[in-house]
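Heads up: the sequence shown at position 126 corresponds to 114 in my numbering, and the numbers run straight through without jumps.
Here the structure comes first, spelled out in structure tokens, and everything after it is commentary.
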Amino acid sequence: MTNYRFSQGGAIVFGGSGVLGSGIVDLLSKNNANVAFTYLNNKESAEKNINMMNDNGVNGFTEKVNLMNLSEVKNFSERALKEFGKIHSVINATGPLIHLTPIADAKLDDFYNTLDTDVIGFYHILKSVVPILKKCGGGSITTLTTTAVHKYTHTAGLSSIPKTVVHNLCKTIAREEGHNGIRVNSVAVGQISIVSKKQQEEIDSSDGVADEFLKLIPLGRSGKPEELFETVIFLASENAGYISGQSIPVDGGYSS
């Protein structure tokens, strides 16, 4: 495992109890980073992650936070700052369950929910953590998007449309806050061989969309979870100190 450098203080992970967020929290803690992370519904997974962090010898806490509630996001972020004294990294691994369907056939509630969670939720994160990072003398913001922001992916409109807004928010903040030492990057996630139970059910009911997508990946395989987690932690760390405003695809060459 690569050793990633982090300054004193701690990291914040939004969505740290999901299948991707849990892996990110684990790798952060294995690199001696204290972590505060949020969950929405999966309290059991959050508690397991706290035990894992304790086993890895770092400090941290978890809290139930609804990204639609700006006060909750701000209060959690301020608590993390008070707990750790400094925040060096913020990672967003949240995201709603995406239904694979042509965008014109999507249910209105699904479309609105995805826009809210991805766009408004991420904006609430930015409103909460940018002032904190400025106060701390800089730091990194890293968020997960989708490879579909770079190349059209059949039936992935519910993901690609709001994530394209997130992609551009990252570039905007990187430009506007770079002079404050704040780096902002996104990781465009392709097909990774780890999914939640609900995601697997969606894939199973998608008439072979995932299998067809696999044929379009030049490397001819799904990504390993650790290949995604390593990319995220690298971008968040001081090892990537001169990388900002970028979207890094982890998609086996699909978007090339």
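Think of the CB as a built atom: it goes at the ideal place given N, C-alpha and C, for glycine as much as any other residue.
Residue state for Pro237 is assigned as strand, using DSSP reduced to three classes. Between Leu114 and the set Ser77, Tyr100, Thr89, the nearest pair of CA atoms involves Ser77.
Proximity to Ile149 across Val1, Val107, Glu66 peaks at Val107, based on C-alpha coordinates. As a beta-bridge residue in DSSP terms, Ala176 pairs with Thr133, Pro237. Membership of Tyr230 in any alpha helix (DSSP H) is not indicated, and neither H nor E is assigned to it by DSSP.
Excluding residues up to 5 positions away in sequence, Ser17, Asn20, Ala21, Asn22, Val23 lie with their Cβ nearer than 7 Å to the Cβ of Val46 in the same chain.
Under the three-state reduction of DSSP output, Thr105 falls in the helix class. Comparing alpha carbon positions, the residue from Asp14, Ile120, His138, Ser5 closest to Glu32 is Ser5. Ranked by Cα distance from Ser65, the options Phe110, Gly48, Ile120, Asn39 are led by Ile120. The C-beta of Pro206 has fewer than 16 other C-beta atoms within 10 Å across all chains shown, which makes the residue exposed. If you draw a 10 Å sphere on the C-beta of Thr135, you find 16 or more other C-beta atoms in it, and that means buried. Between Thr160 and Asn80, the gap from beta carbon to beta carbon reaches 7 Å or more.
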